[in-house]
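Trainee: So that we are looking at the same thing, I have put the structure below in structure tokens.
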Ligand code: HMH
């Protein structure tokens with residue numbers, strides 16, 4: 047708490063307040079099964095092909111966050127977010143390589159319901175009425191769920207299958223964690239200067255991301 051009684055880190059406070067849901071998003075049985083080596087490989091392949099489609103939609107979302115950032119008076123966050131956009135190019139190539147390795151044909155994939163729902167949510171952020179604060183906070187939590195989930199799969203004591211390590215390292219690496227921490231710092235700074243309304247919208251988006259992430263894991267494990 048600072049002198050004004052405002053949380054120093056709004057994001058940390060939300061993670062605490064919504065801890066149960068955060069854990070359902072980051073310790074989902076699908077993730078736990080990757081970590082303990084029992085994952086159903088057809089579920090993993092489903093996740094891989096669906097996430098490739100997701101990331102294609104995510105590109106437009108991150109680009110819209112970048113655009114909102116550039117329109118700020120102080121655009122000092124620009125380089126971090128631009129780095130995020132740039133790394134998605136690499137990520138799409140990674141998906142193509144990985145799909146070839148698993149014999150997954152990306153051209154024939156159609157998005158399942160939870161994926162469509164998530165992509166629709168992301169598209170709503172491209173509207174100019176959505177503030178940079180809300181958009182960048184949403185960006186932070188989307189990346190953080192993957193960082194925390196896949197990071198867990200390579201933490202001490204894991205029995206993750208060697209052929210799944212490249213996936214886990216993509217989002218579980220110390221570099222990706224550092225990047226998520228930069229995004230968190232940006233989000234917290236924006237939230238500290240935002241109106242109560244904007245903070246409320248950002249918290250709602252935070253909760254919605256957790257729900258959508260849970261839905262995405264469910265879809266991957268059971269084709270719902
Ligand atoms: C569903 N959430 C989903 N896919 C991703 N690739 C990320 C988050 C992180 O970029």
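Numbering (my numbering), first residue to last: 47 to 270. Every residue, glycine too, gets a C-beta built ideally from N, C-alpha and C.
1. Among all residues, which have a Cβ less than 7 Å from at least one non-hydrogen atom of ligand 1, and in what chain order do they fall?
2. Could you spell out the range, first to last residue, of the alpha helix (DSSP H) harbouring residue 128?
3. Below 8 Å on the Cβ atoms is my contact criterion, and I expect residue 60 with residue 250 to pass it. Report the Cβ-Cβ distance as a whole number of Å.
4. Measure from the alpha carbon of residue 226 to the alpha carbon of each residue in 184, 146, 207, then state which is nearest.
5. For residue 217, is the classification buried or exposed, using 16 other Cβ atoms within 10 angstroms of its Cβ as the cut-off for buried?
6. Can you tell me whether residue 246 is helix, strand or coil according to DSSP?
7. What do you get for residue 239, buried or exposed, if any count of 16 or more other CB atoms within 10 angstroms of its CB means buried?
8. Buried or exposed: where does residue 62 fall if 16 or more other Cβ atoms within 10 Å of its Cβ makes it buried?
9. Using only the alpha-carbon positions, how far apart do residue 232 and residue 120 sit?
10. Taking the alpha carbon of residue 153 as the reference point, which residue from 99, 116, 264, 260 has its own alpha carbon closest?
11. Nearest-angstrom Cα distance between residue 77 and residue 206?
12. How would you label residue 116, buried or exposed, when you count the other beta carbons within 10 angstroms and need 16 or more for buried?
13. I'd like to know whether the C-beta atoms of residue 57 and residue 191 end up nearer to each other than 8 Å.
14. How about the stretch 127–134 and the stretch 101–112: do they share at least three Cβ pairs that are nearer than 8 Å?
Mentor: Based on what the coordinates show:
1. 97, 100, 101, 104, 164, 188, 189, 191, 192, 217, 259, 262
2. Looking up residue 128 in the chain shown gives position 82. 124–147 is the extent of the alpha helix (DSSP H) around residue 128.
3. By 1-based counting over the chain shown, the position of residue 60 is 14. By 1-based counting over the chain shown, the position of residue 250 is 204. With 8 Å as the limit, residue 60 and residue 250 do not qualify as a contact, their Cβ atoms being about 10 Å apart.
4. Sequence index remark: in the chain shown, residue 226 carries index 180 (1-based). Considering only alpha carbons, the answer is 184.
5. Here residue 217 refers to the residue found at position 171 of the chain shown. Burial call: buried.
6. Start at 1 with the first residue of the chain shown, and residue 246 comes out as number 200. The answer is helix: DSSP assigns residue 246 an H, G or I state.
7. If you number the chain shown from 1, residue 239 lands on position 193. The residue is exposed, with fewer than 16 neighbouring Cβ atoms inside 10 Å.
8. Taking the chain shown and counting its residues from 1, the one referred to as residue 62 is at position 16. Per the 10 Å Cβ criterion, exposed.
9. Sequence index remark: in the chain shown, residue 232 carries index 186 (1-based). Sequence index remark: in the chain shown, residue 120 carries index 74 (1-based). Rounded to the nearest whole angstrom, the CA to CA distance from residue 232 to residue 120 is 12 Å.
10. For the purposes of this step, residue 153 is taken as the residue at position 107 of the chain shown. When only C-alpha atoms are compared, the closest one is 99.
11. Start at 1 with the first residue of the chain shown, and residue 77 comes out as number 31. Start at 1 with the first residue of the chain shown, and residue 206 comes out as number 160. Spanning the two alpha carbons is a distance of roughly 10 Å.
12. Residue 116 sits at position 70 when you count from the first residue of the chain shown. Exposed, because fewer than 16 other Cβ atoms sit within 10 Å of the Cβ of residue 116.
13. What you label residue 57 is simply residue 11 of the chain shown in a count that begins at 1. What you label residue 191 is simply residue 145 of the chain shown in a count that begins at 1. Cβ distance not < 8 Å, so residue 57 and residue 191 don't count as in contact.
14. yes
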